[in-house]
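Engineer: Count along the sequence shown starting at 1, add 7, and that's the number in our numbering. For each residue, glycine too, the CB sits at the ideal point set by N, CA and C. All values derive from a computational prediction rather than experimental measurement.
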Amino acid sequence: MIQKMLTLNERQFSEFKLALADYIFEKAETIQPVVKSYLEERDQSVNIEHLKSISLPATPESIKFEPARAYYDEVNNLYVTVDYYFEDQPAPQLAVCNSCSEIIKYHFAQNPNLSTNINKCKMPTIVPIVLNYHQIQRLEDYQVTNSDAHGIVSVPFYAFNINQYSVRWTVQKSPNILLAYLTRTTTYENFLDELRRVLPLASEEVCLKLIEILLNINYPGVVSDIEAELRKLETVAKEEIPEHVRQVLNSTKNIEETAHEANVTKFEASLIKLIN
């Protein structure tokens, strides 16, 4: 019996992606390691266990300048902004500056007493993060040097590249980068196509976690499609791998050496090693 694939129209798929993104980024634990690294690089060692997701007002005038995600740690007077960078957008430095400006306005609006004694007013620490979805151009951390600071406002940020490479590097351990990557897809069919490329590389633990997350956001139909893809991948891979190739792939050599000796791609070598 052929299982019918779930159909999501444009509105339903947008709602699904929003629910997925909310689940990934709602918990501050997702970004805590990045924030800790950013602060340590600047010789600031603080406990950031009190970091919580916040929502800015998002007025018609401010929404295009606000960060995609924001977090606040009241104990340390620390904000974290998350901006997305896609192809054909202005340089991410502009988005980071806009986000920091909106955070400062928000901070003063929430704390009107800060203006009563301007000499004791303490500005918050802001940790800007940019998630780069550009599939070709790799974004590096932006550091401000003395030569950058003449006559302009420059804000350093921490970059994280979310592309096929970072997904493959992390999908053995965690589904978070994979899910963040999938939120950039444009249709449900595109979502499944991208998933088919990556699922073979995922560990069983990550696949189970992926299914658990989708059930938590109440999308059992998507879970059924993913489970069908997992069964299909396992069946096809085990039927088509010649025994002599399987023996090579079951060796203790690294993926690159194994792929060369078995005359398969590194992607295929990874797939077979995971399934067997």
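Using alpha carbons as the reference points, say which of 220, 264, 235, 237 lies closest to residue 24.
Structural biologist: Against the sequence shown, residue 24 aligns to sequence position 17. Of 220, 264, 235, 237, the residue nearest in Cα terms is 220.
Engineer: So residue 177 is in the alpha helix (DSSP H); what residue range does that whole segment cover?
Structural biologist: Walking along the sequence shown from the start, residue 177 turns up at place 170. Residues 171-177.
Engineer: With residue 90 and residue 106 assumed to form a contact (beta carbons below 8 Å), what rounded beta-carbon distance in angstroms separates them?
Structural biologist: For the purposes of this step, residue 90 is taken as residue 83 along the sequence shown, with counting starting at 1. For the purposes of this step, residue 106 is taken as residue 99 along the sequence shown, with counting starting at 1. At roughly 6 Å, the Cβ-Cβ gap stays under 8 Å, so residue 90 and residue 106 are in contact.
Engineer: Among 134, 111, 129, 64, which one has its Cα closest to the Cα of residue 87?
Structural biologist: Working through the sequence shown from its first residue, we reach residue 87 at position 80. With distances taken between Cα atoms, residue 87 lies closest to 134.
Engineer: What residue range is occupied by the uninterrupted beta strand (DSSP E) comprising residue 83?
Structural biologist: Translated into the one-based positions of the sequence shown, residue 83 becomes position 76. Element bounds for residue 83: n/a, residue is neither H nor E.
Engineer: Three or more C-beta pairs closer than 8 Å, one from the stretch 110-125 and one from the stretch 161-179: is that the case here?
Structural biologist: Because the criterion of three Cβ pairs below 8 Å is not met, the stretch 110-125 and the stretch 161-179 do not touch.
Engineer: In angstroms, rounded to a whole number, what distance separates the CA positions of residue 116 and residue 109?
Structural biologist: Locating residue 116 in the sequence shown gives position 109, counting from the first residue. Locating residue 109 in the sequence shown gives position 102, counting from the first residue. One C-alpha to the other measures close to 10 Å.
Engineer: If you draw a straight line from the C-alpha of residue 212 to the C-alpha of residue 237, how long is it?
Structural biologist: For the purposes of this step, residue 212 is taken as the residue at position 205 of the sequence shown. For the purposes of this step, residue 237 is taken as the residue at position 230 of the sequence shown. Their backbone Cα atoms lie some 13 Å apart in a straight line.
Engineer: Determine which residues share a DSSP beta bridge with residue 99 and list them.
Structural biologist: For the purposes of this step, residue 99 is taken as the residue at position 92 of the sequence shown. According to DSSP, which records beta bridges pairwise, residue 99 is partnered with nothing at all.
Engineer: Check this for me: beta carbons of residue 165 and residue 53, under 7 Å apart or not?
Structural biologist: One-based indexing of the sequence shown puts residue 165 at position 158. One-based indexing of the sequence shown puts residue 53 at position 46. Cβ distance not < 7 Å, so residue 165 and residue 53 don't count as in contact.
Engineer: Between residue 169 and the rest of its own chain, which residues show a CB-CB distance below 7 Å, the 5 nearest in sequence each way excluded?
Structural biologist: Against the sequence shown, residue 169 aligns to sequence position 162. Counting only Cβ-Cβ distances below 7 Å, and skipping sequence neighbours, we find 138, 139, 140, 184, 187, 188.
Engineer: Less than 7 Å between C-beta atoms, sequence neighbours within five positions excluded: which residues of the same chain meet that for residue 61?
Structural biologist: Counting from 1 along the sequence shown, the entry for residue 61 is found at position 54. Same-chain partners within the cutoff: 77, 78, 79.
Engineer: Could you tell me which residues DSSP puts in a beta bridge with residue 166?
Structural biologist: On the sequence shown, position 159 is the one that residue 166 refers to. The partner list for residue 166 (beta bridge, DSSP) reads 137.
Engineer: Looking at the secondary structure, which residues open and close the beta strand (DSSP E) in which residue 59 lies?
Structural biologist: Translated into the one-based positions of the sequence shown, residue 59 becomes position 52. Residues 59-61.
Engineer: Spatial neighbours of residue 72 within its chain, please: CB distance less than 8 Å, with the 5 preceding and 5 following residues excluded, ordered by chain position.
Structural biologist: Translated into positions along the sequence shown, residue 72 becomes position 65. For residue 72, where only same-chain residues beyond five positions count, the Cβ hits under 8 Å are 105, 106, 108, 109.
Engineer: Could you work out which residue in 167, 118, 217, 51 is closest to residue 148 when comparing CA atoms only?
Structural biologist: Residue 148 sits at position 141 when you count from the first residue of the sequence shown. With distances taken between Cα atoms, residue 148 lies closest to 167.
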